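All remarks here apply to the structure that follows.
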Amino acid sequence: MTDSALTVVRAGALTTVQDLGRPGHAHLGVPRSGALDQPAHRLANRLVGNPEAAATLETTLTGCAVRLRRAATVAVTGAPCPVTVDGRPAPWGAPVRVPAGAVLEAGPAIHGVRGYLAFGGGVDVEPMLGSRSTDMLSGLGPPPVTDGSVLGLGPPHRPAPAVDWVPYPGVVPELVLPVVPGPRDDWFTAAGLRTLTTGRFRVSAASNRIGLRTEGPALERAREGELPSEGMVLGALQVPPDGRPVLFLADHPTTGGYPVVGVVPEPYLAAAAQALPGTPVRFTPPRPGQPSRGSRVRTGRR
Amino acid sequence: MSMRPLPVGEHGLLIELDDGDAAEALHAELLRRAAARTLPEVREIVPAARTVLLDGVADPHHLAAEIVQWDIPPLTGGRGTTIEVPVRYDGPDLADVAARWGVTPGEAARIHASSLFRVAFCGFTPGFGYLTGLPERFHVPRRATPRTRVPVGSVALAGPYTGVYPRSSPGGWQLIGTTDALLWDAAREPAALFAPGVHVRFVPEGRTR
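Here the protein sequences come in this chain order: F and B. When you read off a place in the first sequence, starting at 1, and then add 1, the result is the number in my numbering. When you read off a place in the second sequence, starting at 1, and then add 16, the result is the number in my numbering.
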């Protein structure tokens, strides 16, 4: 069924097929997976006239290049980067008509981490449990693309819209993440909880699709040992024995035995997915009486 | 049965129970209510060792207040289908496990094969189930040093649980046997052989060592 519509010329550091993931299977040990920056993934699809659930390519830091075997409308979103078609500059964050045989290249990120390449019709690989996403934890879905990988495209759904409003993401000078306490905040001392909201953390280079790891002060525990395994959610702030919180992203394990001190609401996770190693991280208490919404993220993104 | 609801972000809820049996009973009740469409919409219901996680709940506070008032029937054994898993009791830790139990390896295999197991919960990797059913006197600790590679199909023990490795991976459980059963097959519906609540029997294949 795959019609070998595109060939990967340069796979980049880590390029995977992603869509909205496979929620609903956590009880079988299956991570949710899916695009880390969901708004950017959805926007790329809208720009080329796809449903938001169509699969895109998610790139990491260094972009990627593909040769299209048939003409297609393509859009690049997420981390801003130079876009070229056969070496000639093309717009970022806009639908680009790429002729058959041409090479579309998304260059290295100017800032941010994850880029999204949407193609009219969507990347067509065999879905697994309703999703085409590559899951880096469990190995479900297609393997990460490599130089020479051949991928299919689905039939274009409808004419691409003439215009869409695309915000150009700014640099994220500081990642500010509200944390809803629990379920295991009682495993930490009052001093440990103060450390969480006052400590100076940074994004660790050991971060990946499974979790954003932090460097910084250790959270003091009120009790030692491990919990019996319990279910984990997207956005959970799990604290391993070294005391540095790990923010669970899309490919997180479905159960775990380290205590979760709090949970970062989902609308803030797109900014976390774009934060470069070294970016300062500040965890804040949620504002009382207000529902958390991404529009209140103070990251400088507009 | 005492149930302690704990907050998990804005749309999650973790119900902590006294033990694994109570968690399994609550999980079964949640599935019954979901099937009867009397449970509000949830995205995930994840049972674990002593808890059940509900995620993607519109109003977790309201649901928590309801759940703690439920009258939950205890688990009834033996209902539903039982999956038979053929096993060769040839694991490298079988002799150690038998020594801990004070029996011969052959008797250890018979003890394991005569127990009725239930998938208490899944996790670790797709298709991996934590199976309860081994009497408490046969519980064994994890190995002091985990193996960097446990072969696919290894039947293993740790604490109260029996598990089968769906793919090769690092692991610290005591390996007592091997099965050719496919624990996870993406092309199969359902992909996972083990799902929470399923009953399992291990059936010895050929002679044991």
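All C-beta atoms, glycine included, are put in the ideal place defined by N, C-alpha and C. Bear in mind that the values here come from a model prediction, so they are computed numbers and not experimental data.
Taking Cβ-Cβ distances shorter than 7 angstroms, what residues in chain B pair up with F/Arg-230? The residue given as residue 230 of chain F occupies position 229 in the first sequence. For the sequence presented, residue 230 of chain F should be read as Ser rather than Arg. Result: Ala-64, Ala-65, Gly-139.
Find the nearest neighbour of B/Arg-217 within the set B/Val-180, B/Ser-185, B/Leu-79, B/His-43, judged by alpha-carbon distance. In the second sequence, the residue the question calls residue 217 of chain B occupies position 201. Among B/Val-180, B/Ser-185, B/Leu-79, B/His-43, the Cα nearest to that of B/Arg-217 belongs to B/Val-180.
Quick check: the Cα distance between F/Gly-311 and F/Arg-201, rounded to an integer number of angstroms? Only positions 2 to 303 of chain F appear in this structure, which leaves residue 311 of chain F out of reach.
Is the beta carbon of F/Ala-119 closer than 7 angstroms to that of F/Cys-65? Counting from one through the first sequence, the residue named residue 65 of chain F turns up at place 64. Counting from one through the first sequence, the residue named residue 119 of chain F turns up at place 118. Contact: no.
Under the rule that 16 or more other beta-carbon atoms within 10 Å means buried, what is B/Pro-21, buried or exposed? Here residue 21 of chain B is taken as the residue at index 5 of the second sequence, counted from 1. Result: buried.
Contacts of B/Ile-61 in chain F (Cβ-Cβ under 7 angstroms): Against the second sequence, residue 61 of chain B aligns to sequence position 45. When 7 angstroms is used as the limit between beta carbons, B/Ile-61 is near these residues of chain F: His-28, in chain order.
Ignore the nearest five residues each way along the sequence and tell me which others in F/Gly-131's own chain have a CB closer than 7 angstroms to its CB. Numbered from 1 along the first sequence, position 130 holds the residue referred to as residue 131 of chain F. Within the same chain, F/Gly-131 has close Cβ partners Arg-23.
Quick check on F/Leu-176: does DSSP put it in helix, strand or coil? Start at 1 with the first residue of the first sequence, and residue 176 of chain F comes out as number 175. If DSSP states are grouped into helix, strand and coil, F/Leu-176 belongs with the strands.
Would you identify the three-state DSSP class for B/Trp-200, choosing helix, strand or coil? Here residue 200 of chain B refers to the residue found at position 184 when the second sequence is read from its first residue. B/Trp-200: strand per DSSP, three-state reduction.
How is F/Asp-125 classed by DSSP in three states: helix, strand or coil? Taking the first sequence and counting its residues from 1, the one referred to as residue 125 of chain F is at position 124. DSSP places F/Asp-125 in strand when its eight states are reduced to three.
Given a cut-off of 7 angstroms on the beta-carbon distance, is the pair B/Gly-145 and B/Arg-134 in contact? One-based indexing of the second sequence puts residue 145 of chain B at position 129. One-based indexing of the second sequence puts residue 134 of chain B at position 118. It is not a contact, given that the beta carbons lie outside the stated cut-off.
Quick one: residues in its chain with C-beta nearer than 8 angstroms to the C-beta of F/Ile-111, no 5 flanking neighbours on either side, listed in chain order? Walking along the first sequence from the start, residue 111 of chain F turns up at place 110. The residues are Ala-80, Pro-81, Cys-82, Pro-83.
Residues bridged to B/Ile-99 (per DSSP): One-based indexing of the second sequence puts residue 99 of chain B at position 83. Beta-bridge pairing links B/Ile-99 to B/Val-216.
May I have the straight-line CA-CA distance separating F/Ser-208 from F/Leu-197, to the nearest angstrom? Start at 1 with the first residue of the first sequence, and residue 208 of chain F comes out as number 207. Start at 1 with the first residue of the first sequence, and residue 197 of chain F comes out as number 196. Using only the alpha carbons, I get a separation of about 19 angstroms.
Rounded to the nearest angstrom, how far is the Cβ of F/Val-31 from that of F/Leu-141, given a contact under 8 angstroms? In the first sequence, the residue the question calls residue 31 of chain F occupies position 30. In the first sequence, the residue the question calls residue 141 of chain F occupies position 140. Right, their Cβ atoms sit about 7 angstroms apart.
Using the Cβ count rule (16 or more neighbours within 10 Å means buried), how would you classify F/Ala-192? Position 191 of the first sequence, counting from 1, holds the residue named residue 192 of chain F. F/Ala-192 comes out exposed.
I want to verify the contact list: residues of chain B whose CB lies under 8 angstroms from the CB of F/Leu-141, in sequence order. Numbered from its first residue, the first sequence carries residue 141 of chain F at position 140. By Cβ distance, chain B contributes Pro-142, Ala-202.
For B/Leu-30, which residues from the same chain have a beta carbon less than 6 angstroms from its beta carbon, with the 5 sequence-adjacent residues on both sides left out? Numbered from its first residue, the second sequence carries residue 30 of chain B at position 14. Cβ neighbours of B/Leu-30 beyond the five flanking positions: Leu-22, Val-24, Thr-67, Leu-69.
Using CA coordinates, which residue listed in F/Glu-53, F/Leu-228, F/Leu-194, F/Val-204 is at the minimum distance from F/Val-124? In the first sequence, the residue the question calls residue 124 of chain F occupies position 123. Per the Cα distances, F/Glu-53.
Using only the alpha-carbon positions, how far apart do F/Trp-188 and B/Val-62 sit? As a first step, residue 188 of chain F is located in the first sequence; it is residue number 187 there, counting from the start. As a first step, residue 62 of chain B is located in the second sequence; it is residue number 46 there, counting from the start. Going from the Cα of F/Trp-188 to the Cα of B/Val-62 covers about 22 angstroms.
Determine the closest residue to F/Ser-205 out of F/Val-146, F/Arg-245, F/Arg-70, with distance taken between C-alpha atoms. The residue given as residue 205 of chain F occupies position 204 in the first sequence. Considering only alpha carbons, the answer is F/Arg-245.
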